[in-house]
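Here's the structure, in structure tokens; my notes come after.
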Amino acid sequence: MYNLLFLSAIIVAVGIAEIECVDSKKSPSQDHSQDGDFLLWIRANISRRNRR
1 MYNLLFLSAI
11 IVAVGIAEIE
21 CVDSKKSPSQ
31 DHSQDGDFLL
41 WIRANISRRN
51 RR
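In full-length UniProt numbering, the protein residues as written are 1 to 52.
This is the structure we're talking about:
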């Protein structure tokens, strides 16, 4: 169970890093206003998954 949670956390972290990398290449002026909402969405999905 903990291994699965750790693995999903790594996958999420890598996904966020890739998104940030692509975003920074697209536009020199970065707008991070939606990052908080995205992280809350990820946390909600992880907690929903853990309740099963």
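For every residue, glycine included, the Cβ atom is placed at its ideal position computed from N, Cα and C.
Per DSSP, reduced to three states, the secondary structure at R51 is coil, with no helix or strand assignment. Per the coordinates, the alpha-carbon of S47 lies some 19 Å from the alpha-carbon of V14.
By the criterion of a C-beta distance shorter than 8 Å, V12 is surrounded in its chain by I42 and I46, once the five residues flanking it on both sides are discounted.
Leaving aside the five residues that flank R49 on each side, the residues in its chain whose CB is nearer than 8 Å to its CB run, in chain order, S8.
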